[in-house]
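So the sequence shown is numbered by numbering that gives the first Met the number 0: it starts at 0 and just counts up by one. By construction, the Cβ of each residue, glycine as well, lies at the ideal position given by its N, Cα and C atoms. Computed from a predicted structure; not experimentally measured.
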Amino acid sequence: MKAGQQRSGVSQAVSRNRMGGLSDTAVVGLALLASAALVWLVSGDGLLVAVLTGTLLVFAGLAWMIANRRPEASDIEFAQPDWSVTVAAIDRTDTAIAVTDRAGRLACANGSFELWFGTANPPPRLPVDDAAMERLTDAVRAAWRDGHARAEVRTEGDTAADWRVEIQRSGRGDDFLVWRIQPVSAVDLVGELVRQVDGRLGKGLARAGISAAVVDPDGMIRAASAGFSQRATGDALSDMTGLDFVSVIS
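Here it is in structure tokens:
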């Protein structure tokens with residue numbers, strides 16, 4: 000008796016598994032065949048059966064597309080950056096570096112930026128005149144559009160100086176600007192050359208039998224080596240500054 004009940008239970012389970020194993024497509028196909036057969040038995044009209052079957056196939060296809068439509072990929076949420084690591088990475092003594100977001104807020108800055116400009120002046124709102132501010136504003140627009148931009152400005156006040164500004168768009172979503180601001184060295188090359196000719200360089204050239212002079216565009220002597228003065232005037236210590244170069248050598 001128990002064995003018979005077990006066999007009956009097993010057969011029922013197998014039957015349920017077989018029914019569950021039918022795919023949705025097979026079920027829909029059987030339903031379509033049954034509907035077409037029923038209409039044929041009732042009406043005997045082949046055209047009506049074909050129209051009904053085509054209509055049901057269209058609706059079945061739409062239902063299958065809707066049921067198997069993939070959900071739209073959700074926007075990827077990036078983790079917030081660790082600005083302390085960024086500050087450590089951009090710590091430089093020769094360049095002020097700052098990072099701003101699309102709203103113009105200062106995200107982080109290195110020590111040089113804080114020392115030179117302070118945190119109350121996030122770029123592009125640096126202490127510059129109106130013309131320089133307009134150049135910075137144009138550079139910001141160019142950086143957002145093209146990915147990078149450059150400008151040269153001069154700050155006002157007690158720390159007046161010339162600066163070279165480089166802006167680069169960055170971030171995984173291109174939603175930050177990295178500012179690199181370096182001081183522009185105002186080196187007087189002519190003045191340095193004058194000092195060299197008047198000094199040890201000029202004396203070394205004289206010992207080698209070479210005469211040297213620095214002449215401005217007007218033909219006036221700015222500096223002359225001891226060898227040049229010796230050959231021109233007979234006195235190595237003669238001051239030739241301001242003399243006409245052509246008249247001296249003629």
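When the Cα atoms are used, Gln167 and Glu155 turn out to be separated by approximately 25 Å. Within 10 angstroms of the beta-carbon of Trp178 lie 16 or more other beta-carbons, which makes it buried. Burial is judged here by how many other beta carbons sit within 10 angstroms of a residue's own beta carbon; Val183 has fewer than 16 and is exposed.
Counting only runs that start and end inside the stretch 91-120, the beta strand (DSSP E) elements of at least 3 residues fall at 95-100, 105-108. Going by beta carbons, Ala97 and Pro122 fall inside the 8 Å limit. Contact between Leu176 and Ala142 holds, with the beta-carbon distance rounding to 6 Å and staying under 8 Å.
With a cutoff of 8 Å on beta-carbon distance, Ser237 and Ser228 are scored as near each other. Met219 is bridged by DSSP to Asp243.
In the three-state DSSP reduction, Leu176 falls in the strand class (E or B). With respect to Ser210, Arg194 sits apart: the two C-beta atoms are not nearer than 8 Å.
When DSSP states are grouped into helix, strand and coil, Arg163 belongs to the strand group. Met239 places its beta carbon 8 Å or farther from that of Ala225. Taking the Cα positions, Asp100 is about 9 Å away from Asp173. One alpha carbon belongs to Met219, the other to Ala207, and they sit about 25 Å apart.
Using a Cβ distance threshold of 8 Å, Ala95 and Phe112 count as a contacting pair. Scanning its chain for C-beta atoms nearer than 6 Å, with the 5 sequence neighbours on each side dropped, one finds around Ala205 the residues Ser224, Ala225, Gly226, in chain order. Less than 8 Å separates the beta-carbon of Ala131 from that of Arg153.
For Val139, the secondary structure class from DSSP, reduced to helix, strand or coil, is helix. Annotation for Ala225: the continuous alpha helix (DSSP H) segment containing it runs 225-232. With a cutoff of 8 Å on beta-carbon distance, Val164 and Arg149 are scored as near each other. With a beta-carbon spacing of about 6 Å, Leu192 and Val213 fall inside the 8 Å limit used to define contacts. Annotation: Glu151 to Gln181 spans about 10 Å, alpha carbon to alpha carbon.
Linking Phe116 to Thr92 through their CA atoms gives a straight-line distance of about 14 Å. If you ignore the 5 residues before and after Arg134, its C-beta comes within less than 7 Å of the C-beta of Ala150, Val152, all in its own chain and listed in chain order.
Taking a contact as a CB-CB distance under 8 Å, the pair Asp90 and Gly103 does not count as one, their CB atoms being some 23 Å apart. A buried status is given to Trp162, since no fewer than 16 other beta-carbon atoms sit within 10 Å of its beta-carbon.
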